[in-house]
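Offset between the sequence shown (1-based) and the working numbering: plus 1.
From the three backbone atoms N, C-alpha and C, an ideal C-beta is built for every residue, glycine too.
Down below is the structure, laid out as structure tokens.
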Amino acid sequence: MTAELIDSARRAEYETDLERVLRSRVSGEVAFDDYTRHLFSRDASMYSIMPAGVVFPRHQDDVVAVVRTAAEFGVPVVPRGAGTSLAGQTVGPGLVLDFSRHMNRIVEIDPDARTAVVEVGVVQDQLNRAAAEHGLMFGPDTSTSNRATIGGMLGNNSAGSGSLTFGMTIDHVRALDVVLSDGSCARFEPVDEDERLRRAEANTLEGRIYRELPQLVTANEKAIATGMPMFWRRACGYRLDRLAGYGEGNPFDLAKFVVGAEGTLVVATRAVVDLVPKPRKTVYAVGHFETTHAAISATEDALSCDPHQVELMDKTILDLSRKKIEYADLGQHLVGDPAALLFVSFSGDDEAELVEKLDNVAALWDRNGHGYHTLKAVTAAEQAALLKVRKSSLGLLMAAGEGTRRPLAFIEDTAVPPVHLAEYTKRFKEILDEHRLEAGFYGHCSVGCLHIRPFVDLTDPAQVETMRHVAEKIKDLVREYGGVNSSEHGDGLARSEFNREIFGDELYDAMRTVKRLFDPAGLMNPGKIVDAPPMTENLRDRDALTPAPPLKTMLQFEVVGGGMRDAADRCMNIGVCRKTTAGVMCPSYQATMQEEHSTRGRANALVKALSEPDPHTALAGERLHEILDLCLMCKACKSECPMSVDMAALKAETLHHHHEMHGTPMRSRIFGSIRLLNRLGSATAPISNLPGRWGVMRALMERAVGIAAARPMPEFARDNLLRWNKRRGRRRSRPAGTVGTVNWLADSFTTFTEPHIGKAAIELLEASGWNVDMAGGGCCGRSSLSKGLLDDARKKAAGLVTSLARDTVPGSPIVGCEPSCVFTLRDETIALLSDTPEVAQVKQRVRQVEELLTEAIDEGRLRLDESSWLRGRKVVFHGHCHQKAEVGTAATMALLRRIPGLEVVEIESGCCGMAGSFGFEAEHYETSMTVGRDRLFPAIESEPEDTIVAATGVSCRQQIFHGVGRTAWHPLELVREALAGAAPRD
2 MTAELIDSAR
12 RAEYETDLER
22 VLRSRVSGEV
32 AFDDYTRHLF
42 SRDASMYSIM
52 PAGVVFPRHQ
62 DDVVAVVRTA
72 AEFGVPVVPR
82 GAGTSLAGQT
92 VGPGLVLDFS
102 RHMNRIVEID
112 PDARTAVVEV
122 GVVQDQLNRA
132 AAEHGLMFGP
142 DTSTSNRATI
152 GGMLGNNSAG
162 SGSLTFGMTI
172 DHVRALDVVL
182 SDGSCARFEP
192 VDEDERLRRA
202 EANTLEGRIY
212 RELPQLVTAN
222 EKAIATGMPM
232 FWRRACGYRL
242 DRLAGYGEGN
252 PFDLAKFVVG
262 AEGTLVVATR
272 AVVDLVPKPR
282 KTVYAVGHFE
292 TTHAAISATE
302 DALSCDPHQV
312 ELMDKTILDL
322 SRKKIEYADL
332 GQHLVGDPAA
342 LLFVSFSGDD
352 EAELVEKLDN
362 VAALWDRNGH
372 GYHTLKAVTA
382 AEQAALLKVR
392 KSSLGLLMAA
402 GEGTRRPLAF
412 IEDTAVPPVH
422 LAEYTKRFKE
432 ILDEHRLEAG
442 FYGHCSVGCL
452 HIRPFVDLTD
462 PAQVETMRHV
472 AEKIKDLVRE
482 YGGVNSSEHG
492 DGLARSEFNR
502 EIFGDELYDA
512 MRTVKRLFDP
522 AGLMNPGKIV
532 DAPPMTENLR
542 DRDALTPAPP
552 LKTMLQFEVV
562 GGGMRDAADR
572 CMNIGVCRKT
582 TAGVMCPSYQ
592 ATMQEEHSTR
602 GRANALVKAL
612 SEPDPHTALA
622 GERLHEILDL
632 CLMCKACKSE
642 CPMSVDMAAL
652 KAETLHHHHE
662 MHGTPMRSRI
672 FGSIRLLNRL
682 GSATAPISNL
692 PGRWGVMRAL
702 MERAVGIAAA
712 RPMPEFARDN
722 LLRWNKRRGR
732 RRSRPAGTVG
742 TVNWLADSFT
752 TFTEPHIGKA
762 AIELLEASGW
772 NVDMAGGGCC
782 GRSSLSKGLL
792 DDARKKAAGL
802 VTSLARDTVP
812 GSPIVGCEPS
822 CVFTLRDETI
832 ALLSDTPEVA
842 QVKQRVRQVE
852 ELLTEAIDEG
862 RLRLDESSWL
872 RGRKVVFHGH
882 CHQKAEVGTA
892 ATMALLRRIP
902 GLEVVEIESG
912 CCGMAGSFGF
922 EAEHYETSMT
932 VGRDRLFPAI
942 ESEPEDTIVA
952 ATGVSCRQQI
962 FHGVGRTAWH
972 PLELVREALA
982 GAAPRD
């Protein structure tokens, strides 16, 4: 046995002992399996370090137990919130403490004192929602507020776009409950000299800190005064400047001192933070500029108007946003094709006063020749699209990467006084050009901070060397302009190496002494701020990944620049999938709050499996199957993930490999054959509906094949859509003035269970002047895809595409009422089949029926009754996940709004939780209902009984009826109800 194998065996035994001890001492979960460790080896930086294990503490006592156990075993401790750190702060060897799963309680909000007591796993938006009930908010407003935890903000000393007004996290911290490196607990808060001396008397680590730290500060007063960068917006080094001058009427405040320490001194568990009044109104002036430099040059004029913030977005970000459905509305608001936008906001309570400030900045820019247009966004509707893109700049830039050539965070957090920003940025760009690096520019002009991420391939040694040279040159440039190397994202692994040069030997050695004082054994998140490794070590793409072994896949993943692993490895861990209050992604994470049930967690798990020597076998592994199991395949990640990680396709391929190794379960075969079963159910109705009504039969189905007994079964219609159409005659005479032929996709669901929807749609199309041909000859393969039956799905898709391409009028539109089936023809069909002319032309012909009907209404070919029963009513609409992912809901909303007198509101509801067969599966039933209860059910239950509910998806309508007892209409049915002069439906 080689020495390497002996070391590996000893390490495994050592980690087994550590895991065993932790499980006996900690009430939270302890995970040492390879997949969990891999998931927590990464954050949103360019680094990766494999931890020994991961602990999910439930309370402070768990944290104490972990720190003490880690000390016994000589293992480092790495605190972690959302894992969105950009400089590598939350990766490291030893034990990762994930505070986000359990320690996420808001303990108290005191509106009179304007304070909040929170556990460190509380998400910023979570705190802001609670504080908003009292007209308050947490001041630092990061762009990642929908997933960033307060603990992470404490660790980084985060700021945000409003820092000109509200400062940084350090400015809002009153007190911290912390666990010290020896496992003892302390309350850090401002204390006067008498109290400091009292605490210093204790023969404890806390007492030693109160004795020796003041001496250290006094001994290094000159170094602190001269070595600390003068610019105020700092997120680097230890904040000894915050302790300078204590005792002269100034309290000794360790709470503020450890903010920004990145978990290297203490582990914070609870915080008392200040809240600020929430402005009632914010308005924006959005300047349009022909160059980025011109936009930055307009900053000084904007600052002279006393704004809340001034933000930059360059053409790189704007162009990327135009490619995403999620941000499609932006183009409707911009004038021309700006090379850069400058967002200037004003906040307050008096709208008229704020609008006057908009006018002032626009006039000043016009007078001084800055920009060619200023857009004034006053209402929420006017601001929505603009702000959505601005807050997503990081993700959009990340999405521009191809393979291992990614926009990297190593010089993205510098800041200089705004007066120098234009000149500084010009020289910054010259350095990038000298090294032939491309980058996007965005960030906070009001405080001199721009986030600039050059594209670098870390697998290329020459580019790694270039990255280092550029980092050194930018560090020197920052110092020349009196700026800081990190202004809100921290030092981490990316910048800590340069801290001795930045702070000088004397101050840096004082910081090293601070580290030894708080952490004598060096186990608190080592390698950050002081005594750091070179910035080019532990690189994710170079050091943590072996070349991807070959793997034959059924789906084509080459569209993202490589194979299946490349598709999964597009994830850059920025954590948008961890948001919980907006959009659809990721419903299973919202239900469980577990990292492995987020899109990010699943993508990283797949990267691990696809890096194994035999990826085919690894894809069939049970632990990976467990991680992917709760993915609803809603496809929200395809549109809402900035990197467009398509987890639905990745899961389908993984299930295919799992079936090849372990066989296909009976239930998967049943759901994959849903068209045949629905056709048989329709042919034998009403007898076929009886088993679904009998509790005994449903219980037997659950026991036999795992179909949830609690879930109502769909009712088969004997007079299905195909029979109805055949009964009407194969073809009606084409009316004069017809606009052409349209092909109706008779999907596998509504055709046999809700034929009245298809009837309504066909009647509307015919009333609009279309001849409707029934394309009912086959299944699109959607149901087989969802169960990983890819051979079957390919066969079905090929049959339907051939039929549509050869047996329909060339160029004629293809439409349907079930989004999952219609949009399969525009997405998975392409991934399943070769990109032939037939496949391409079928894809191009797929349209939304709502588009055709809206056009007919607008052109006067389809007339709706001004006095239908819908006038004066309200409808709340829930869009299908696949519809949102592929094209959005704009067409459906536009059609509903054409109904005279109908008030239309779209529910911000996420996924319904049904997700096709997912909600029928016994082991997934509770998760399905939990997802529905998150936002959709409460939104509908809050509506009066006379409010109409509408939904485009068959699964959505089933879930709504089961969850809240309300019957949901398909939007097409409502339009049919409003059709002027319509004959009764047969």
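Here the alpha carbons of Asp360 and Thr283 stand approximately 14 Å from one another. Pairing Cys822 with His971 gives a Cβ-Cβ distance that is not under 8 Å. In the DSSP secondary-structure assignment, Cys186 is bridged to Val180.
Taking a 10 Å sphere around the C-beta of Asn369, we find fewer than 16 other C-beta atoms and assign the residue as exposed.
In the DSSP assignment, Lys377 falls within the beta strand (DSSP E) that extends over His374 to Ala378. In the three-state DSSP reduction, Arg148 falls in the coil class, being neither helix nor strand. For Ala916, no alpha helix (DSSP H) encloses it, and the DSSP letter there is neither H nor E. Around the beta-carbon of Glu489, 16 or more other beta-carbon atoms lie within 10 Å, marking it buried.
In this structure, DSSP gives Phe139 a state outside helix and strand, which the three-state scheme calls coil.
By a beta-carbon distance limit of 8 Å, Ile475 contacts Thr415. Their separation comes to about 6 Å. Secondary structure remark: continuous beta strand (DSSP E) runs of at least 3 residues inside the stretch 295-360, in chain order: 310-315 and 341-349. Distance from the CA of Tyr285 to the CA of Asp126, rounded to the nearest whole angstrom, comes to 21 Å. Non-local C-beta neighbours of Glu507 in its own chain, meaning closer than 7 Å and more than five positions away in sequence, comprise Asn221, Ala224 and Gly228, ordered along the chain. In this structure, the straight-line span from the alpha carbon of Ala621 to that of His883 is close to 27 Å. Three or more pairs of CB atoms, one per stretch, sit closer than 8 Å, so the stretch 26-38 contacts the stretch 56-67.
With the rule of 3 Cβ pairs closer than 8 Å, the stretch 132-145 does not count as touching the stretch 236-248. Selection Asp720, Glu207, Arg469 and Asp183 evaluated against Glu73 yields Asp183 as nearest (Cα-Cα). Distance from Leu746 to Val816 at the Cβ level is roughly 7 Å; contact confirmed, criterion being Cβ atoms closer than 8 Å. Annotation for Ala711: Tyr926 place their beta carbon closer than 7 Å to its own, counting only its chain and skipping 5 residues before and after. The beta strand (DSSP E) runs of length 3 or more contained entirely in the stretch 866-937 are, from start to end of the chain, 875-879 and 904-907. About 5 Å separates the CB atoms of Thr948 and Lys875; that is less than 8 Å, so the two are in contact. By the 16-neighbour rule on beta-carbons within 10 angstroms, Met399 is buried. Beyond the five residues adjoining it in sequence on each side, Pro945 comes within less than 6 Å, by CB distance, of no other residue in the same chain. His289 carries a strand assignment under DSSP once its states are collapsed to helix, strand and coil.
Judged by DSSP in its simplified three-state form, Leu746 adopts strand. Rounded to whole angstroms, the gap between the alpha carbons of Val92 and Phe411 is 16 Å. Less than 8 Å separates the beta-carbon of Leu276 from that of Arg115. Remark: C-beta atoms of Lys358 and Ala340 do not approach each other more closely than 8 Å. For Leu98, the uninterrupted beta strand (DSSP E) run begins and ends at Leu96 to Asp99, by DSSP. Burial of Ile171 is indicated by the presence of at least 16 other C-beta atoms within 10 angstroms of its C-beta. In this chain, Asn221 is not harboured by any alpha helix (DSSP H), its DSSP state being neither H nor E. The DSSP-derived three-state label of Ala545 is coil. In this structure Val697 is exposed. Its beta-carbon is surrounded by fewer than 16 other beta-carbon atoms within 10 angstroms.
Following the DSSP letters along the chain, one finds Glu30 in no alpha helix (DSSP H) but inside the beta strand (DSSP E) bounded by residues Glu30 to Ala32. In this structure, Arg601 sits near Cys572, with a CB-CB distance shorter than 8 Å.
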